[in-house]
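Okay, so the sequence shown: first residue is 1 according to the numbering used here, each after it adds one.
Input: a single structure, listed below in structure tokens.
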Amino acid sequence: MVVIKTAREISKMKDACRISAEALRVAGEAVKPGVTTYEIDTIIRKYIEKQGATPSFLGYGGFPASACISVNNVVIHGIPSKKLVLKEGDIVSVDVGAYYGGFHGDNAYTFPCGSISENAQKLLDATRESLNEGIKQALVGNRIGDIGSAVQQYVEARSYSVVRDFVGHGVGAKLHEDPSVPNYGAPHRGVRLLPGMTIAIEPMVNEGKYQVRVLDDKWTTVTCDGKLSAHFEHTVAITPDGPKIMTLCD
């Protein structure tokens, strides 16, 4: 069931989204050669808890960390590790949420670690812009398919592929709510967008083919062909005045 938020609830949710965005910002500042993904996760957790919030992902479904940190061919759900040391040229996706005041915020960004290849930068640019294209379609009266179609068309026009096995979602009092928000599909199809809906739009884009597989730890998801993957995400409110990105820093 899709949960429609009141103006007061959306106002409260903005605080959780702001904390999530700030946590992502401090995570990005920590992405440097020689740093472990465990160290970045620790920075994220300390920041969120200092704001009086709770990391949304910690313990969620048994996930053992405060953020998903996915490097290079890891698409999503990378588990932070003391053994995973970042190196020059890596691309590092950080997916983080914060729970505050009864609501969650959820966002992701793929950061370059030092100087990265031209191909990697093009993938990051295309994925980030595909998110913007999807957000443009988050309009009252449009349908979920309009968002997914916009993302898919932008990505595939640049010879990349959109992950099919994982999608965006509603977000609010629960981290994952209805509706599902695929990054592919046909326009004018799916759930109609109404004022008060809050959704996480999150393109996951592969340099090669779209197929992915989950490793034995039941979390880490990698590209089947070993090529790079990027991930960007915002929590967005559907309003009569157009889409409002809630996961923005002050």
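From the three backbone atoms N, C-alpha and C, an ideal C-beta is built for every residue, glycine too.
Please read all numbers here as calculations on a predicted model, not as lab measurements.
- The beta-bridge partner set that DSSP reports for Tyr109 consists of Val94.
- In this chain, the beta strand (DSSP E) harbouring Thr235 covers 234–237.
- Annotated three-state conformation of Glu129 is helix, per DSSP.
- For Glu39, DSSP assigns no beta-bridge partner whatsoever.
- In its chain, beyond the 5 residues on either side, Thr37, Tyr38 have a beta carbon closer than 6 Å to the beta carbon of Ser81.
- The three-state secondary structure of Tyr47, taken from DSSP, is helix.
- Leaving aside the five residues that flank Leu228 on each side, the residues in its chain whose CB is nearer than 7 Å to its CB run, in chain order, Asn72, Asn73, Ile91, Ala120, Leu123, Glu207.
- When secondary structure is reduced to three states using DSSP, Ile4 falls in the coil class, being assigned neither helix nor strand.
- Per DSSP, Ser149 is one residue of the alpha helix (DSSP H) stretching across 144–156.
- Within the same chain, Ile238 come within 6 Å of Met197 by CB-CB distance, once the 5 residues on both sides are set aside.
- Distances from the CA of Val181 to each of Arg25, Val236, Thr220, Ala30 were compared; the closest alpha carbon is that of Val236.
- Here Ala173 is not near Val96, since their CB atoms are 8 Å or more apart.
- A distance below 7 Å between beta-carbons, with the five flanking residues on each side excluded, links Val167 to the following residues of its chain, in chain order: Ser180, Val181, Pro182, Asn183.
- About 12 Å separates the beta carbon of His176 from that of Glu202, a gap too long to meet the 8 Å contact definition.
- One alpha carbon belongs to Ile116, the other to Thr54, and they sit about 33 Å apart.
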